[in-house]
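For the sequence shown, the numbering used here gives the first residue as 10, with consecutive numbering after it. We treat Cβ as the ideally placed atom computed from N, Cα and C, and that holds for glycine. Just so we're clear, the structure is a prediction, and the values are computed from it rather than from any experiment. Accompanying notes for the structure given below.
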Amino acid sequence: MSFIRSIATFGGFTMISRITGFIRDMLIASFLGAGNISDAFLVSFKLPNLFRSLFAEGAFTAAFVPLFSSKLDSAGREESIKFAAKAISFLTFVLILFILLFEWAMPAVVNILAPGFASNPEKVALTIDLCRITFPFLLFISIVSFQAGILNSFDKFAAPAATPIILNLGIILAGLLSVLYLDFPVYGMAWGITISGIIEVLWLKYFLNQEDIRIKPNFELIKLFHDQEIKTLFKRIAPGVIGAGIYQINMVVDMILVSLVASGAVSWLYYANRLQQLPLGVIGAAISVALLPLLSKKLKSGNKADAADTQDKAVIYGLIMSLPSAVIFICLADSLVELLFEHGRFTPADTTKTALALKAYAIGLPCYVMVKALMPNFFARGDTITPVKYSAVVFAANLIMNLLLMKPFGHVGIATATSIAAFVSLYQYLHGLKKRGFWEMSSSLKKKIWDIFLCTIITGIALALTQSALNIYLPQKEIITLLLKLSLIGTIGLATFLITAKIKGILDITAILKMLLNRRRKA
Numbered sequence: 010m011s012f013i014r015s016i017a018t019f020g021g022f023t024m025i026s027r028i029t030g031f032i033r034d035m036l037i038a039s040f041l042g043a044g045n046i047s048d049a050f051l052v053s054f055k056l057p058n059l060f061r062s063l064f065a066e067g068a069f070t071a072a073f074v075p076l077f078s079s080k081l082d083s084a085g086r087e088e089s090i091k092f093a094a095k096a097i098s099f100l101t102f103v104l105i106l107f108i109l110l111f112e113w114a115m116p117a118v119v120n121i122l123a124p125g126f127a128s129n130p131e132k133v134a135l136t137i138d139l140c141r142i143t144f145p146f147l148l149f150i151s152i153v154s155f156q157a158g159i160l161n162s163f164d165k166f167a168a169p170a171a172t173p174i175i176l177n178l179g180i181i182l183a184g185l186l187s188v189l190y191l192d193f194p195v196y197g198m199a200w201g202i203t204i205s206g207i208i209e210v211l212w213l214k215y216f217l218n219q220e221d222i223r224i225k226p227n228f229e230l231i232k233l234f235h236d237q238e239i240k241t242l243f244k245r246i247a248p249g250v251i252g253a254g255i256y257q258i259n260m261v262v263d264m265i266l267v268s269l270v271a272s273g274a275v276s277w278l279y280y281a282n283r284l285q286q287l288p289l290g291v292i293g294a295a296i297s298v299a300l301l302p303l304l305s306k307k308l309k310s311g312n313k314a315d316a317a318d319t320q321d322k323a324v325i326y327g328l329i330m331s332l333p334s335a336v337i338f339i340c341l342a343d344s345l346v347e348l349l350f351e352h353g354r355f356t357p358a359d360t361t362k363t364a365l366a367l368k369a370y371a372i373g374l375p376c377y378v379m380v381k382a383l384m385p386n387f388f389a390r391g392d393t394i395t396p397v398k399y400s401a402v403v404f405a406a407n408l409i410m411n412l413l414l415m416k417p418f419g420h421v422g423i424a425t426a427t428s429i430a431a432f433v434s435l436y437q438y439l440h441g442l443k444k445r446g447f448w449e450m451s452s453s454l455k456k457k458i459w460d461i462f463l464c465t466i467i468t469g470i471a472l473a474l475t476q477s478a479l480n481i482y483l484p485q486k487e488i489i490t491l492l493l494k495l496s497l498i499g500t501i502g503l504a505t506f507l508i509t510a511k512i513k514g515i516l517d518i519t520a521i522l523k524m525l526l527n528r529r530r531k532a
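Given below as structure tokens:
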């Protein structure tokens, strides 16, 4: 499977996931608004997802996939599956102990993560209850990440990419049922998260069985503690906990500090971040997931030229999609937030606050996508130490900028600090890869990047002019009018970028259409 096809497969299902995620968030905003109940629920939702990114999709995948791919090539299918069984058995044991500890210490955890809630005892009590319901989701999603890593190593990207859709649908269904049958629906929505995690595990187990991959639990924990392969795996995971979770760590700092800003601030940042996560998740995650096993195999076989070419393509694909996305968010933030979230208990004031945060996040979006594309170059070589060093600098930059900007600019200052940290992170990866001789930008790549910037600037001008004209002739704010305006603006923006990209030779539209047509014929 080609690199671009892997990205398209993963990105396509991730796009569906993001769409269902928006429907989920629209329901949350409508049912809970942007106040105390919403803040409490969103903290409980973020808590397991934070550790999921550190221990599962981030650190675990970055350490496990290269080792599993290497073992698959050197020792064969059977031995690699035995290694996978040992790894997930040990990880499951560690996570069960970790979850039990957090369930017991949840009051202290909530006070640390959301110190601004302390002035409202009812809000703190609700947050603790909800976090205790949702935190076991960490175990299930970690198992899911492990299952996805195996399937990806066998070039099976569709089922893992579709998995988040289950969580979104689970929360949507739980929310609708809870509103109908419960006096306090937020509890039902929290249970929807954990139950969805169980369903996700069963979903990927089915596809593993289809590939005749059967993972048998290993209960010999004492032997696992002394197993050399497990030691190697967890030595790589330990630094990767920080290295692969830069973005999530910064989000935690944001959550701690924004809880001190104002009631509703947690919600404003959450909804802005959810919009930013659309291109970051679809583009950045797709490139990262597809790139890691591919780079691992090419470097293992000594094919450094192909590895460098693959890295170039990852950077180009990432910028082609992330730069226009950032411009769209900056130009259309207010209209997007109004259309998606301003319903029920979500007010026009909440729309304004959320839109400002989205614009600040958008500035750093291309940098985060680039980091997603560059980070696997270290992990594919088994280097999980360097990202730790980089993350320490990024973490410090984010914290310092948060403290400097949160007082004068509130939650917008916190979002801006995150974007500044993204620029720091990108600089480190570019400099570090070049310094070690792993990869550097060629003259032709630099020219393409400049051309992408130029096409994006032209697209931004077209978006701004179109929006100004439509605001004059279609000033109404009904949903139908908003949909029509955004559709027209989006169509003109897309056409502008595609035409300019075709003229500059950075996008072969004909080749892409042929690939899509060939895939449809094969299907």
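Query, Result
"Among Met450, Leu374, Val275, Val261, the one whose alpha carbon lies nearest that of Ser434", "Leu374"
"When Leu463, Gly514, Cys464, Ile501 are compared against Ala478, the one with the closest alpha-carbon", "Ile501"
"Exposed unless 16 or more other CB atoms sit within 10 angstroms - verdict on Ser400", "buried"
"Euclidean distance between Cα positions of Phe338 and Ile423", "17 Å"
"Collapsed DSSP secondary structure at Phe163 in the structure displayed", "coil"
"Beta carbon of Leu266 nearer than 7 Å to that of Met415", "yes"
"Status (buried if at least 16 other CB within 10 Å, exposed otherwise) for Pro417", "exposed"
"Backbone CA spacing between Ile489 and Phe350 [nearest angstrom]", "15 Å"
"Contacting residues, own chain, Cβ-Cβ under 8 Å from Ile208 (five flanking each side not counted)", "Ile175, Gly179"
"Close Cβ partners of Lys457 (< 8 Å) along its chain, the five nearest in sequence each way excluded", "Ile325, Ile515"
"Rounded separation between Glu229 and Ala114 - CA only", "29 Å"
"Short Cβ contact (7 Å threshold) for Gly4 with Val270", "Given that the chain is displayed from residue 10 to residue 532, the structure contains no residue 4 and the question cannot be resolved."
"C-alpha distance - Trp277 paired with Ser83, whole-angstrom precision", "50 Å"
"Cutoff 6 Å; reference Ala335; Cβ partners in own chain excluding five residues on either side", "Ala371, Leu374, Pro375"
"Which listed residue (Val346, Leu217, Thr136, Ser128) has its alpha carbon closest to that of Ser162", "Leu217"
"Val380 (DSSP reduced to helix, strand or coil)", "helix"
"Where the alpha helix (DSSP H) through Phe60 begins and ends", "45-60"
"Chain-order list of residues whose beta-carbon lies under 6 Å from that of Ala430 (same chain, five-residue window excluded)", "Asn259, Val403, Ala406, Asn407"
"When Phe111, Ala364, Thr468, Met384 are compared against Pro333, the one with the closest alpha-carbon", "Thr468"
"Trp113, enclosing alpha helix (DSSP H) - first and last residue", "86-113"
"Boundaries of the alpha helix (DSSP H) in which Met540 is found, first to last residue", "Nothing can be reported for residue 540, as the shown portion of the chain is limited to 10 through 532."
"Inter-residue spacing [alpha-carbon to alpha-carbon] between Ser26 and Ile150", "15 Å"
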